[in-house]
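Notes follow once the structure below has been shown.
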Amino acid sequence: MTEDITEGISEDRSPLSDLALTPEQLHVDEHWMQHAIILAGKAEAIDEVPVGAVIVLDDQIIGEGWNQSIHLHDATAHAEIMALREAGKTVENYRLIDATLYVTLEPCPMCAGAMVHSRVKRLVYGAVDLKTGAAGSVFNLVEHVQLNHQIEVRSGVFASETGALLSQFFKRRRKEKKALKLLLKG
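Counting from 1, position 184 in the sequence shown corresponds to residue 184 in full-length UniProt numbering; the numbering is continuous, with no gaps.
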């Protein structure tokens, strides 16, 4: 039986923290989230779960990534981890102080932990992950007061679009599996 991951994806979440952001910052966040959505398309093109991430420092991209776990046979090759690796190489330091990470889906515990360790300043994400989200939905690793670093979080940026990408991907995948089963029975 195939689990429907899209049951744990929430497209609607309008945080009150958005009220404290300037119109300029809201526009900047939307701009970079659009870039992350393009990167999610690269993941989908290689039949990976369509999640994309971009890390920005001083309005410059220092790291990009998209899911490649299946393609690379690497459970850690999530979009955020790939972007963190590239950003560290770009700035020649694993600490990404003052950087913002934009990602289309709320990070899992592994990715959230890596972001805390890298000292990312801000996290901006699209769809909420109600099954493994670690930035406020299931866990809140990124703002946990007992850790040595907390990350500012903005959620729900283009949540409908990012949630729809995931829903469409899993719908297509279920349809393909069903067609294959019928073909093998036939």
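In this text, a Cβ means the ideal position worked out from N, Cα and C, and glycines have one as well.
query: Test item: CB-CB of M82 and F158 under 8 Å; result: no
query: Pair within 8 Å by beta-carbon distance, I70 and A87; result: no
query: L101 Cβ short of 7 Å to the ligand HEM heavy atom set; result: Absence of the ligand HEM from the depicted structure is noted, as is the absence of any ligand whatsoever, leaving it without description.
query: Residues bridged to L101 [DSSP beta-bridge criterion]; result: I55 and L123
query: Among L39, D58, P50 and V49, the one whose alpha carbon lies nearest that of Q25; result: D58
query: Contiguous beta strand (DSSP E) assignments of at least 3 residues, all confined to the stretch 142-174; result: 152-154
query: Inter-residue spacing [alpha-carbon to alpha-carbon] between A45 and L123; result: 25 Å
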